[in-house]
Structures are given as structure tokens and as C-alpha cells.
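Engineer:
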Amino acid sequence: MAKKQSKRNWDFKAAKDLFYEYLEKRQEKKKINLPPETIQIDNLNRKEALNRLYNLTDSVIEKIIASGRPTIQLPSRTSTNIIWDEENDLLLLGKQLQEKQFHSLSSVADITRLMRVLEAVNELLVKDLHATKREIFYSDVKLFGEQKNSDKSIEDIATMLYTTRNSTHIVASAKGSCIGRLRIRDKSDIIDLEGLGSGGWTISPMLDNIEILESDAEFILVVEKDAAMIRLAEARFWRKYPCIILTAKGAADIATRMFLKHLSKDLKLPVFSLVDSDPYGHYIHSVYLRGSKRLSYESPFLATPNIKLLGVLTRDLDKYKITKEGRLPMTKMDIKRTKELLNEDFVKKNKAWHDDLSLALKLKVKAEIQVLSSHGFEFLTDHYLPEKLTTGDWI
Amino acid sequence: MRIFHKKDGGIVQLIDKEKMQEWPVELPLIFIEYIREKQIEKYEDTKVKKEISNYINEILKDVAIPRLISVLEGDNDEETISALQRIEELSKKNIEMTNPIRPYLNNLLKHRNKEIVKLAQNISNNFTKADKKKELAKKRKIMQEKEKEFLAGKISGEEYARTRKDYLTLKE
Numbered sequence: 001m002a003k004k005q006s007k008r009n010w011d012f013k014a015a016k017d018l019f020y021e022y023l024e025k026r027q028e029k030k031k032i033n034l035p036p037e038t039i040q041i042d043n044l045n046r047k048e049a050l051n052r053l054y055n056l057t058d059s060v061i062e063k064i065i066a067s068g069r070p071t072i073q074l075p076s077r078t079s080t081n082i083i084w085d086e087e088n089d090l091l092l093l094g095k096q097l098q099e100k101q102f103h104s105l106s107s108v109a110d111i112t113r114l115m116r117v118l119e120a121v122n123e124l125l126v127k128d129l130h131a132t133k134r135e136i137f138y139s140d141v142k143l144f145g146e147q148k149n150s151d152k153s154i155e156d157i158a159t160m161l162y163t164t165r166n167s168t169h170i171v172a173s174a175k176g177s178c179i180g181r182l183r184i185r186d187k188s189d190i191i192d193l194e195g196l197g198s199g200g201w202t203i204s205p206m207l208d209n210i211e212i213l214e215s216d217a218e219f220i221l222v223v224e225k226d227a228a229m230i231r232l233a234e235a236r237f238w239r240k241y242p243c244i245i246l247t248a249k250g251a252a253d254i255a256t257r258m259f260l261k262h263l264s265k266d267l268k269l270p271v272f273s274l275v276d277s278d279p280y281g282h283y284i285h286s287v288y289l290r291g292s293k294r295l296s297y298e299s300p301f302l303a304t305p306n307i308k309l310l311g312v313l314t315r316d317l318d319k320y321k322i323t324k325e326g327r328l329p330m331t332k333m334d335i336k337r338t339k340e341l342l343n344e345d346f347v348k349k350n351k352a353w354h355d356d357l358s359l360a361l362k363l364k365v366k367a368e369i370q371v372l373s374s375h376g377f378e379f380l381t382d383h384y385l386p387e388k389l390t391t392g393d394w395i
Numbered sequence: 001m002r003i004f005h006k007k008d009g010g011i012v013q014l015i016d017k018e019k020m021q022e023w024p025v026e027l028p029l030i031f032i033e034y035i036r037e038k039q040i041e042k043y044e045d046t047k048v049k050k051e052i053s054n055y056i057n058e059i060l061k062d063v064a065i066p067r068l069i070s071v072l073e074g075d076n077d078e079e080t081i082s083a084l085q086r087i088e089e090l091s092k093k094n095i096e097m098t099n100p101i102r103p104y105l106n107n108l109l110k111h112r113n114k115e116i117v118k119l120a121q122n123i124s125n126n127f128t129k130a131d132k133k134k135e136l137a138k139k140r141k142i143m144q145e146k147e148k149e150f151l152a153g154k155i156s157g158e159e160y161a162r163t164r165k166d167y168l169t170l171k172e
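Going line by line, the protein sequences match chains A and B.
Using our numbering, the first residue of the first sequence is number 1, and each one after it goes up by one.
Using our numbering, the first residue of the second sequence is number 1, and each one after it goes up by one.
1. Please classify residue 256 of chain A as buried or exposed, where buried requires at least 16 other C-beta atoms within 10 Å of its C-beta.
2. Might you give, ordered along the chain, the residues of its own chain that have their beta carbon closer than 6 Å to the beta carbon of residue 99 of chain A, omitting 5 neighbours on each side?
3. Using the Cβ count rule (16 or more neighbours within 10 Å means buried), how would you classify residue 66 of chain A?
4. Spell out whether any CB of chain B is found under 8 Å from the CB atom of residue 24 of chain A.
5. Distance, Cα to Cα, residue 47 of chain A vs residue 250 of chain A?
6. Alpha carbon to alpha carbon, how far is residue 67 of chain B from residue 80 of chain A?
7. Alpha carbon to alpha carbon, what distance is there between residue 167 of chain A and residue 189 of chain A?
8. How many angstroms separate the CA atom of residue 3 of chain A from the CA atom of residue 11 of chain A?
9. Can you find the residues in the same chain that come closer than 7 Å, C-beta to C-beta, to residue 167 of chain B, ignoring five residues on each side of it along the sequence?
10. Check distances from the C-beta atoms of the stretch 50-71 of chain B to those of chain A and list, in chain order, the residues that come in under 7 Å.
11. For residue 291 of chain A and residue 266 of chain A, what's the separation of their Cα atoms in angstroms?
12. Select from the stretch 28-41 of chain B all residues with a C-beta closer than 9 Å to any C-beta belonging to chain A, and list them in chain order.
13. Enumerate, from N- to C-terminal direction, the unbroken alpha helix (DSSP H) stretches of 4 or more residues contained entirely within the stretch 51-111 of chain B.
14. Residue 190 of chain A touches chain B at which residues, Cβ-Cβ below 8 Å?
15. Quick test of the definition: if touching needs 3 or more C-beta pairs under 8 Å, does the stretch 129-139 of chain A touch the stretch 154-170 of chain A?
16. Check for me: the alpha helix (DSSP H) holding residue 342 of chain A runs from which residue to which?
17. Whole-angstrom Cβ separation of residue 136 of chain B and residue 171 of chain B, contact assumed at under 8 Å?
18. I'd like the ranges of any beta strand (DSSP E) spanning at least 3 consecutive residues and lying wholly in the stretch 43-123 of chain A.
19. Give the DSSP bridge partners of residue 201 of chain A, in chain order.
20. For residue 264 of chain A, would you say it is in contact with chain B, using Cβ-to-Cβ distances shorter than 8 Å as the test?
21. Whose CA, out of A/86, A/380, A/13, A/138, lies closest to the CA of residue 275 of chain A?
22. State the CB to CB distance for the pair residue 263 of chain A and residue 210 of chain A, rounded to an integer number of angstroms; the pair is presumed to be in contact (CB under 8 Å).
23. Quick one, which of B/9, B/2, B/127 has its alpha-carbon nearest residue 18 of chain B's?
24. Cβ of residue 350 of chain A within 8 Å of Cβ of residue 307 of chain A?
25. Where residue 14 of chain A and residue 232 of chain A are concerned, what is the direct C-alpha to C-alpha distance, given to the nearest angstrom?
26. Taking residue 273 of chain A as part of the beta strand (DSSP E), name the residues at either end of that continuous run.
27. How big is the Cα-Cα spacing for residue 63 of chain A and residue 271 of chain A?
28. Tell me the rounded alpha-carbon separation between residue 177 of chain B and residue 160 of chain A.
29. Residue 88 of chain A to residue 300 of chain A, Cα distance in whole Å?
30. Grab me the residues of residue 361 of chain A's own chain with a C-beta within less than 6 Å of its C-beta, minus the 5 sequence neighbours each way, in chain order.
31. Measuring CB atoms only, is the stretch 236-247 of chain A touching the stretch 175-184 of chain A, in the sense that at least three cross pairs come out at less than 8 Å?
32. In terms of DSSP beta bridges, what is residue 329 of chain A paired with?
33. Going straight from the alpha carbon of residue 156 of chain A to that of residue 102 of chain A, what length do you get?
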């Protein structure tokens with residue numbers, strides 16, 4: 001591939017065709033029907049969340065009065081209770097329940113932590129405040145001991161209330177960023193995501209305060225790495241090609257996934273992901289696509305089932321003449337994780353994806369997005385992305 | 001979202017006006033101002049510009065004004081103060097946007113709550129300043145025309161001096 005690329009005028013035909021297809025589909029209001037063997041989780045406003053919390057505490061008090069041996073039942077989050085819903089392409093939580101008892105010695109610490117978090121959630125909802133998971137941990141370090149304990153209780157509380165974690169006003173720290181043809185509202189402030197410099201807007205974890213106001217974008221691009229985001233921001237990619245770009249700077253955090261879901265649901269635009277050509281990159285794409293196992297109870301609010309894997313694909317390495325030096329050998333862990341991905345039902349059902357991962361396993365190579373800069377720094381923005389979006393070369 | 005189609009196949013999406021019913025009372029006005037001042041010119045497509053301009057007027061008529069009126073005529077002083085504070089800010093930046101509340105200022109100036117009266121007075125002063133500015137611009141234009149006519153010998157020195165005096169009196 002020559003370093004000097006002639007400047008072509010790409011028409012983005014394939015991406016536009018997909019966009020028109022979505023435009024037609026937006027007339028059909030399709031309601032997601034979850035399988036009967038899965039539990040229903042709701043995104044609640046402050047008042048609804050408080051009502052659920054009061055109902056839960058009332059039922060605990062009633063049990064104390066009636067038997068003196070209260071228990072709390074909540075959906076089990078073990079791997080055996082995680083179900084892949086093929087029709088909606090989502091990872092969901094099944095109906096298996098686990099019971100937390102107040103009266104056994106082994107569960108005393110667990111239940112006390114749970115009640116402490118419940119108390120914190122009540123305070124946050126009443127005062128209309130938000131707290132990070134770290135703040136919850138520091139609210140009672142002696143009780144929680146380690147943050148993993150408070151984090152577990154936070155997830156337990158969300159499942160006990162059959163709601164999303166964001167509905168409890170406990171949020172993760174801000175990590176992702178977004179830039180491009182989009183105007184949003186954060187409470188009473190209007191934010192223009194084209195006018196915030198190269199860094200873009202830091203995705204707020206308090207997404208209940210965010211509302212989409214206006215956009216003239218035609219697609220959404222999710223990039224795995226900040227380095228790729230910088231390249232796109234520097235090229236002002238969205239000015240030439242009307243789009244919204246976002247990144248979680250690595251693993252997909254809740255706020256970024258939830259914001260992407262929000263964008264995709266409200267604007268109904270095609271969504272593409274650009275990740276490293278390695279099992280970790282493919283896993284990140286899968287988390288955007290159908291959710292993670294750990295947070296499977298929130299999948300309907302976090303997953304973007306129509307996201308397409310644009311690249312970097314293993315087959316791209318030959319197509320774009322990536323040199324041997326640019327291809328990295330897979331480690332044992334990479335091979336193990338690729339095999340695990342190939343065993344997932346959702347990969348098995350997607351032939352193109354299965355083929356690409358199989359090819360990676362056969363060649364035992366991986367590559368980073370940045371390898372494309374071996375053809376010049378502007379290759380990504382001036383050739384690779386436009387060509388793929390024009391020809392429809394995605395999975 | 002409300003969708004507007006461009007001739008080149010592109011689209012512009014704007015939030016549905018129904019969603020604005022839950023917004024803080026002054027926000028629909030701020031949104032209207034934002035789209036008018038910052039976005040509309042960027043859309044390039046004349047048809048879309050016109051359609052969005054009509055939609056913005058619809059928001060003003062159906063959401064922004066009725067919501068403002070309901071708060072300003074209501075009994076909740078706290079809500080009225082909060083709305084007036086934002087309207088006062090807006091009146092400093094773009095007085096035209098706050099025109100819909102003008103007919104209600106007289107009643108607010110007689111309100112029992114001192115803070116409401118103070119805010120209403122500030123907004124009223126901003127209207128007076130804006131009116132004066134507009135009047136001054138009008139007189140300046142007339143004066144400049146008369147100056148040209150005077151230099152061309154079409155009007156007398158007295159007539160020009162009278163126009164200039166009118167302008168300077170208002171300016172002072």
C-alpha cells in the first residue's frame with residue numbers, strides 16, 4: 001500500500017444505505033419482548049426507585065414482625081443464570097433466585113453491608129444526588145473492608161430492586177468521551193459536542209440529567225482507543241462525514257455503553273465499532289453489542305444490538321497489506337480468549353465473525369488500530385474508514 | 001425526535017416538543033434561541049431551514065409561552081423567582097426572546113413579593129434600554145440619510161440640524 005494516498009471522494013454508499021434502511025424502520029415501533037424465562041428489569045425515575053425501595057423495606061419489616069427470621073430474595077447473578085436471548089441478541093438474567101438471610105452468622109457482614117448501601121441509596125434518591133462506587137466504599141470503610149465488597153452490595157441492591165444501577169443514583173466515574181454532530185442538555189445547560197476542542201465531552205455518569213436535543217449525524221462510530229479518537233478529532237472527521245464519535249478509552253464502562261444505547265435508541269442511526277484486531281478488542285465489541293455477563297441484568301439498557309464491527313478485522317491485515325512487523329504474535333492468553341470467544345453462542349451464530357476469529361487463530365496474529373498509520377497518519381481517516389463505510393466491509 | 005430531510009439525503013433531528021413539557025420553564029426559550037442563533041444557518045438546505053424555523057415557532061407558541069404564563073400567573077413564588085432569574089439573564093443576552101412575558105410585567109411590578117418586583121423591574125429596565133437602543137438606531141439612520149441629502153443640497157441646514165438634535169437628545 002503506497003504511503004501517498006490519492007485523495008478520493010468517498011460516497012459512504014453502504015453506510016448511507018444502512019442509514020436509509022434505519023430511517024424506514026423507525027416507522028415500525030418494535031417492542032422488545034423478553035423471553036419468559038428471564039427477569040424484567042426497569043429503568044426507574046427517582047420517585048419510582050424510592051417507591052420500590054420503600055416496598056422492599058416494608059416487606060423486610062413485615063417478615064421481622066411475622067417470623068423474626070427475615071430473608072431477602074434476589075435474582076442470582078451466577079453464570080448458570082445468564083441466558084443469551086437469540087431473538088433480541090442480548091445477554092439476560094434468568095429467573096433463578098438466591099436468598100439472603102439476616103439470622104445466620106455467615107451472612108451477618110453481607111446483610112449489614114447490603115443494608116448500609118440501601119440506606120445510602122435512600123439518601124441519594126431523597127436528596128437527588130449521585131455518588132460514585134468509590135464514595136460508597138468510603139462512606140463506611142470499616143464495614144466494607146475492600147471496595148469489591150461494597151461494589152457487590154451495590155449490584156445486589158440494583159437486582160433486589162429489579163432496576164438498573166444508574167436508577168439507584170450510584171454511578172461509575174467518568175471515563176469515556178464523545179465528539180461530533182450532537183447537541184445535548186445537561187440539566188439547564190446546552191452542550192455542543194462540536195465545540196469542545198479535540199478532547200470532546202466527557203460522558204457524564206449522571207445520564208438521567210442528559211437529554212439529546214439535536215443532531216445532523218448520519219452514523220455513530222465507537223472507537224476502542226483514545227489514540228484513534230485523537231486521530232479522528234484532529235482530522236475533524238465529523239465535519240466531512242456527519243457522525244458522532246465516542247470512546248470508552250478501553251473496556252466499555254457503564255456510562256459509555258448507556259450513553260451509546262441512548263444515542264442509538266433516540267437517533268436510530270447505524271452504529272459501527274473500531275477496535276484492535278485481537279480477542280480483547282472483539283470482546284469489547286461484544287460487550288457493546290449484547291452486554292457483559294456480570295451486568296447481564298442491565299443488558300436491555302446497556303446493549304446496542306445493531307452495532308457493526310467495522311474493524312480492524314483479521315482479514316484487513318492482508319487486504320491493507322499490513323507488514324509482518326506490524327502484526328504481533330498472539331500470546332497463550334490471546335489464543336485461550338479467542339477460543340473462548342469462538343465457543344460463545346452469539347459468535348457461532350454469526351458466520352462472518354466466526355470466520356474472522358478462526359482466521360486470527362489460524363494465523364496466530366493480532367494487530368492494533370494504530371498499525372494503519374504504517375501507511376501514513378491520515379490513512380485511517382482518509383482511506384480506511386471511508387472505504388469501509390463506502391463498501392460495507394463490516395461484520 | 002422530530003426528523004427533517006435534506007435534499008442531499010441527510011437529516012436533522014430535533015427533540016420532540018412534547019418532551020419539553022417536563023423541562024424547567026425557561027429552558028424551551030433558551031433552546032429556541034440556541035437553534036435560531038447557532039444552528040439554523042449551519043443546515044445549509046433552504047427547505048430544512050424553513051421547516052425548522054416553523055417548528056421552532058411551534059415550540060414557542062405551544063410550549064414556551066404557555067409554560068411561562070402558567071408560572072408567572074401561578075401562586076408559587078419560588079417557581080416564579082426561579083423563572084424570572086433565568087428570564088432576566090436571557091433578557092441581557094437576547095431581549096427579543098423574552099418578549100412574550102412583557103404583557104405580564106405590569107402585574108409582577110405590583111407583586112407582594114419584593115424579590116419578584118425587583119426581578120420584574122430589572123427585566124423592565126432591560127426592555128426600556130433595548131427600546132431606546134432600537135429608537136436610537138432608527139434616528140441615527142434618519143440622521144445619516146438627512147446628512148447625505150444636506151450635503152447634496154437637497155435640504156436646508158435647519159432641517160438637518162433639527163434631525164441631528166433629535167438624535168443627540170435621545171442619545172443623552
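Ideal Cβ placement from N, Cα and C applies to all residues, glycine included.
Structural biologist: To lay it out plainly:
1. Classification of residue 256 of chain A: buried, given that the 10 Å Cβ count is 16 or more.
2. Sequence-distant Cβ neighbours of residue 99 of chain A in its own chain, meaning closer than 6 Å and more than five residues away, are 71, 73.
3. Residue 66 of chain A comes out exposed.
4. Chain B, which has no Cβ nearer than 8 Å to the Cβ of residue 24 of chain A, makes this no.
5. If you draw a straight line from the Cα of residue 47 of chain A to the Cα of residue 250 of chain A, it comes to about 34 Å.
6. When rounded, the distance between both Cα atoms is 52 Å.
7. When the Cα atoms are used, residue 189 of chain A and residue 167 of chain A turn out to be separated by approximately 22 Å.
8. Confidence in residue 3 of chain A is poor, its pLDDT being 48 and thus under 50, which makes the residue's placement too unreliable to answer from.
9. So the qualifying residues of the chain are 139, 140, 143.
10. Hits within the stretch: zero.
11. Cα-Cα distance, rounded: 19 Å.
12. From the stretch 28-41 of chain B, only 30, 31, 34, 35, 38, 39 have a Cβ closer than 9 Å to chain A.
13. The alpha helix (DSSP H) runs of length 4 or more contained entirely in the stretch 51-111 of chain B are, from start to end of the chain, 65-72, 77-93, 102-109.
14. 30, 31, 34, listed in chain order.
15. Judged by Cβ distances under 8 Å, the stretch 129-139 of chain A makes contact with the stretch 154-170 of chain A, as three or more pairs qualify.
16. For residue 342 of chain A, the enclosing alpha helix (DSSP H) stretches over residues 332-343.
17. The Cβ separation is near 6 Å, so the contact holds.
18. Here the runs fully enclosed are 71-75, 82-85, 90-93, 97-101.
19. BP columns for residue 201 of chain A point to A/178.
20. For residue 264 of chain A, the answer is no, since every Cβ of chain B falls outside 8 Å of its Cβ.
21. Nearest neighbour of residue 275 of chain A by Cα position, chosen from A/86, A/380, A/13, A/138, turns out to be A/380.
22. That pair is no contact at about 10 Å.
23. Out of B/9, B/2, B/127, B/2 has the C-alpha closest to the C-alpha of residue 18 of chain B.
24. Residue 307 of chain A sits away from residue 350 of chain A, with the two beta carbons spaced by 8 Å or more.
25. Whole-angstrom Cα-Cα distance: 20 Å.
26. Its beta strand (DSSP E) spans residues 271-274.
27. In a straight line, the C-alpha of residue 63 of chain A is about 48 Å away from that of residue 271 of chain A.
28. Nothing about residue 177 of chain B can be reported from this structure: the residues present for chain B run from 1 to 172 only.
29. In a straight line, the C-alpha of residue 88 of chain A is about 9 Å away from that of residue 300 of chain A.
30. Cβ within range, chain order: 338.
31. The stretch 236-247 of chain A vs the stretch 175-184 of chain A: in contact.
32. In the DSSP assignment, the residues bridged to residue 329 of chain A are A/365.
33. Their backbone Cα atoms lie some 15 Å apart in a straight line.
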